[in-house]
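Single-structure report; data block below.
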Amino acid sequence: MDDGNPNTDQLKEINDMIRSIMFESEKNGVIVKADTLGSLEALEKLLSSQGVDIKRADVGTVGKKDVFDAAVVASAEPYKGVVLSFNVGVADDAADEAAKAGVKIFTSNVIYSLCDDYAAWVSEAKKKGAESAIDRLPLPAKILALPGHTFRASKPAIFGVEIVGGRLRKGVRLMASSGEVIGELREMQKEGKGVNEAKRGEQLAISVEGAICGKSFSEGDSLFVYISRKEADELVSCCESEMSDDDKAALQEILAITDKRLI
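Residue numbers (my numbering): 3 to 265.
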């Protein structure tokens with residue numbers, strides 16, 4: 003006889019459904035909070051359809067634990083270490099902790115707006131990260147030491163070059179086609195004026211500390227910016243969108259040299 007109360011099987015089904023909606027995963031992902039199970043499920047489905055990983059999904063106010071968990075994720079994957087909260091408040095101590103830890107909390111009472119705001123933030127953060135990495139990392143370049151344009155053989159070597167591929171900037175180390183590093187590029191001048199960067203097709207004079215013309219390199223040689231495998235991997239992962247096809251081709255040629263030298 004059915005007394006209107008759920009039986010064991012029904013209770014198990016309800017509990018299983020709740021656990022499927024409110025869960026915690028081992029993988030890195032965003033922290034999701036919502037006001038009801040229904041809205042939490044809808045938010046999860048939308049995020050999943052956009053390829054967003056979820057670390058934990060729960061109902062209720064955003065608390066300090068949510069911020070702590072997001073901070074742990076952010077330490078490994080910065081673009082995932084955030085809290086997405088739908089139609090719920092943020093506890094004062096959680097807001098304070100988020101400000102200290104630099105954890106971003108997104109709040110909205112419209113699910114699509116919440117997801118759009120997060121996607122826009124990720125896009126902008128990645129763009130800024132790429133710009134920062136481009137400024138910090140050596141860029142790939144291949145240059146030709148122009149015959150008849152050596153102005154000083156050493157201490158530092160000063161000679162004319164043409165940029166054959168990529169972009170050349172001050173402060174990078176140059177290597178020969180053998181993979182041997184010949185010195186550090188200290189200064190660049192074009193038409194008597196100092197420049198910080200030169201691109202394919204440009205001719206200019208450079209000074210290289212540690213290089214010796216006739217010993218570590220010769221006129222007519224191709225020289226390359228030295229880029230380690232770790233630096234190359236970071237360039238590709240962070241800055242691929244900021245690199246031209248010419249940059250990428252120069253990087254591949256450089257890696258063919260450095261990887262061969264490691265064998």
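Beta carbons are placed, not taken as given, at the ideal position from N, Cα and C, and that holds for glycine. Computed from a prediction, not measured in an experiment: that's the story for all the values here.
Exercise. For Phe219, which residues of its own chain have a beta-carbon under 7 Å away from its beta-carbon, when the five flanking residues on both sides are left out?
Worked result: Residue 219 sits at position 217 when you count from the first residue of the sequence shown. For Phe219, the CB contacts under 7 Å within the same chain, skipping 5 residues up- and downstream, are Ala147, Ala178, Ile184, Ala213, Leu225 in chain order.
Problem set entry | C-beta atoms of Thr63 and Gly91 nearer than 8 Å | The residue labelled residue 63 in the question sits at position 61 within the sequence shown. The residue labelled residue 91 in the question sits at position 89 within the sequence shown. Going by C-beta atoms, Thr63 is nearer than 8 Å to Gly91.
Exercise. DSSP puts Ile214 in a beta bridge; with which residues?
Worked result: What you label residue 214 is simply residue 212 of the sequence shown in a count that begins at 1. BP columns for Ile214 are empty, so no partner.
For this session: Quick one: using the 10 Å Cβ neighbour count with 16 as the cut-off for buried, is Phe88 buried or exposed?
Result: To locate residue 88, count along the sequence shown from 1; it is residue 86. Looking at its Cβ environment, which holds 16 or more other Cβ atoms inside 10 Å, Phe88 is buried.
Exercise. Between the C-alpha atoms of Lys157 and Glu199, what's the straight-line distance to the nearest angstrom?
Worked result: Taking the sequence shown and counting its residues from 1, one reaches residue 157 at position 155. Taking the sequence shown and counting its residues from 1, one reaches residue 199 at position 197. Their Cα atoms are separated by approximately 22 Å.
Exercise. Roughly how many angstroms lie between the CA atoms of Val210 and Tyr228, to the nearest whole one?
Worked result: The residue you call residue 210 lines up with position 208 of the sequence shown. The residue you call residue 228 lines up with position 226 of the sequence shown. Straight-line measurement puts the Cα of Tyr228 at about 13 Å from the Cα of Val210.
For this session: Go through its chain and collect everything with a Cβ distance to Glu189's Cβ below 6 Å, but skip five positions before and after it.
Result: Reading the sequence shown from its first residue, position 187 is the one you call residue 189. For Glu189, same chain residues with a beta-carbon under 6 Å away, outside a window of 5 residues either side, are Ser209 in chain order.
Problem set entry | alpha helix (DSSP H) segment containing Phe70, residue limits | For the purposes of this step, residue 70 is identified with residue 68 of the sequence shown, where counting begins at 1. It spans 66-78 - the alpha helix (DSSP H) in which Phe70 sits, taken as one unbroken run.
Problem set entry | Every unbroken alpha helix (DSSP H) inside the region 99-148 [4 residues or more] | Complete alpha helix (DSSP H) runs here, min 4: 113-138.
Exercise. Does DSSP put Val174 in a helix, in a strand, or in coil?
Worked result: Here the question's residue 174 lines up with position 172 in the sequence shown. DSSP places Val174 in coil when its eight states are reduced to three.
Exercise. Could you check where the beta strand (DSSP E) with Val32 kicks off and where it finishes?
Worked result: Taking the first residue of the sequence shown as position 1, residue 32 is located at position 30. From DSSP, the beta strand (DSSP E) with Val32 extends over 32-36.
For this session: Determine which residues share a DSSP beta bridge with Arg154 and list them.
Result: As a position in the sequence shown, residue 154 is number 152, starting the count at 1. The partner list for Arg154 (beta bridge, DSSP) reads Ile160.
For this session: Tell me where the beta strand (DSSP E) around Val60 begins and ends.
Result: Taking the first residue of the sequence shown as position 1, residue 60 is located at position 58. The displayed chain sequence assigns Asp, not Val, to residue 60. Asp60 -> beta strand (DSSP E) spans 56-61.
Exercise. According to DSSP, is Gln205 helix, strand or coil?
Worked result: On the sequence shown, residue 205 is found 203 positions in, with the first residue counted as 1. In this structure, DSSP gives Gln205 an extended state, which the three-state scheme calls strand.
Exercise. What are the boundary residues of the beta strand (DSSP E) that includes Ser87?
Worked result: Mapped onto the sequence shown, residue 87 falls at position 85. DSSP places Ser87 in the uninterrupted beta strand (DSSP E) bounded by 84-88.
Exercise. Under the rule that 16 or more other beta-carbon atoms within 10 Å means buried, what is Gly167, buried or exposed?
Worked result: Taking the first residue of the sequence shown as position 1, residue 167 is located at position 165. Buried, since its Cβ has 16 or more Cβ neighbours within 10 Å.
For this session: Can you have a look at Arg169 and say buried or exposed, based on whether 16 or more other CB atoms are within 10 angstroms of its CB?
Result: What you label residue 169 is simply residue 167 of the sequence shown in a count that begins at 1. With 16 or more Cβ atoms within 10 Å of its Cβ, Arg169 is classed as buried.
Exercise. In chain order, what residues of the same chain lie with their CB nearer than 7 Å to the CB of Arg171, ignoring the 5 residues before and after it?
Worked result: Working through the sequence shown from its first residue, we reach residue 171 at position 169. Cβ within range, chain order: Leu141, Asn198, Glu199.
Problem set entry | the region 110-122 contacting the region 60-80, beta-carbon criterion three pairs below 8 Å | The region 110-122 vs the region 60-80: no contact.
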